Amino acid sequence: MNSYKSALNKLKKNNISIKSETISIKDSLNRILAKDVVSPSNYPICNNTAFDGYAVSSKETNSLNLKKSKKFKIIKTLAAGDNPNIKKISKFSVIEVMTGAIIQKPFDTVIPIEQIKFFPNKLKPTHIILKKTVKKNQFIRPAGSDFKKGTKIVKKGQFVNQSHILAFKTLGINKILVKKKPSIVFYPTGNELSDVKKIPNWKIRNSNSIYLESFIKNLPINFKISKILRDKDLNSFRNEIKKNIKLNTDLVLSSGAVSAGKFDFIPDLIKQFNLKSFFKGVSIRPGKPLLFAKLKSNMCFFGLPGNPISTAACFRFFVLPFLFKSLELLPEKPIVAKIKINFIKKKNFTRFIKGKLIFTKKGEIEFEANKGQESYKIKSFTKSNAWGVFKDGVSEFKKGVNVECYSLSGLNEFLLD
């Protein structure tokens, strides 16, 4: 049986090839960048004022003091968005400026309106009176102080979020290069599954389909749920695999029928195709019967266990990293937390534990394993905000020992390099 680490290494060697495409920034939310995005210009493009006030040439104030004041003529009023070009500017002139107005030579500093003394009066001023030296670049937002031309805005391999889109639009970037959305088809299996509202006691609801659909909803993936495949329905599933090969589907998922029972038909069926890579069984809990195959057609296949929590764990820790690696997403970093209570497991298994990340009064991060870790129990999952990964090679984890923890969704950007 494969260890968790060896299974991940095999997945890394079998990525699906995903091409790139250029899209409008309007459609870019949650897409993955295929190329660094850099600023095409300085931002701000020009010096502009941070306050309402009067723009002055600082050199013309060098000789001023309380005993030697000077009147400066108001020659123009500029608001944000006004053309700043002025043909003739005589010495000892000032311009009235509103926040955001462009500041050009010879003006190089701004005096806030609250500090101004007007002449002849405040209601109809023609001049302002200055009685002291004014420093250069006061209350000015320098050109390029936020972004300089060529500055990297967002790195290749990052999810595009709302703040990135704000920057793109501000800087005049209308199109970006992103990874195409991979196509995934999901097949739930089992005679016991049902999609009807009212079910008899011997049936169970098809919850894996809606869970995966909701999980993937905000990811850059084209996801399709197919019909329920019944036990021993080999011909139907064989035809479905052939159809997906012809359609160039990137990844096929199934849940159920991958263990060693009488009706677990998927492993033998998948082996009937031309395979480039194959493994089945990983020393993990939940999710031990996990199956992976890469066909020579380049399509990949994951057979997930049918139990809902096993499906959730295997999707989160195998399928999702596999997809993100194929999409060249920056690698995820775990949150390292101290376990709150002692935890014991089998030494040779990696355990994915449903639990809660908690901040203590001292500001430390603790992980508390929820009660009800059996793979059929969903209640503990609803009370979780993270997965704790208790790796193989150790059987007893004492209180205060560090473990790696991961978000439920995999989308926490602060976990990325």
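Position in the sequence shown (first residue = 1) + 12 = the numbering used here. By construction, the Cβ of each residue, glycine as well, lies at the ideal position given by its N, Cα and C atoms. Predicted, not measured: the structure shown is a model, and the values here were computed from it.
Between S322 and the set I296, V106, L307 and S15, the nearest pair of CA atoms involves I296. For I123, the closest alpha carbon among the candidates K383, K410 and F151 is that of F151. Note on S51: 16 or more other CB atoms within 10 angstroms of its CB, so buried under the neighbour-count rule. Secondary structure of C312 (DSSP, three-state): strand. Distance from the Cα of E126 is smallest, within the candidate group N256, D245 and G65, for G65. Look at I141 here: in three-state DSSP terms it is strand. Note on geometry: alpha-carbon atoms of A155 and S53 lie some 10 Å from one another. If you look at A19, you'll find it in the alpha helix (DSSP H) that goes Y16 to K24. Taking P137 as the centre and dropping the five residues before and after it, the same chain places the C-beta of I86, F130 and F131 closer than 8 Å to its C-beta, in chain order. Taking F334 as the centre and dropping the five residues before and after it, the same chain places the C-beta of L23 closer than 6 Å to its C-beta, in chain order. Listed in chain order, the non-local C-beta contacts of K181 below 8 Å within the same chain comprise I37, local neighbours out to five positions each way being set aside. Each of L307, A113, I278 and F171 was checked against the Cα of L45, and the nearest Cα belongs to F171.
By DSSP's assignment, C417 forms a beta bridge with I347 and G400.
For N220, the three-state secondary structure derived from DSSP is helix. Residue environment: A113 is assigned as buried (16 or more neighbouring CB atoms within 10 Å of its CB, all protein chains considered). It is roughly 15 Å from the alpha-carbon of K288 to the alpha-carbon of D262. In the displayed model, L135 falls within coil according to three-state DSSP, outside both helix and strand.
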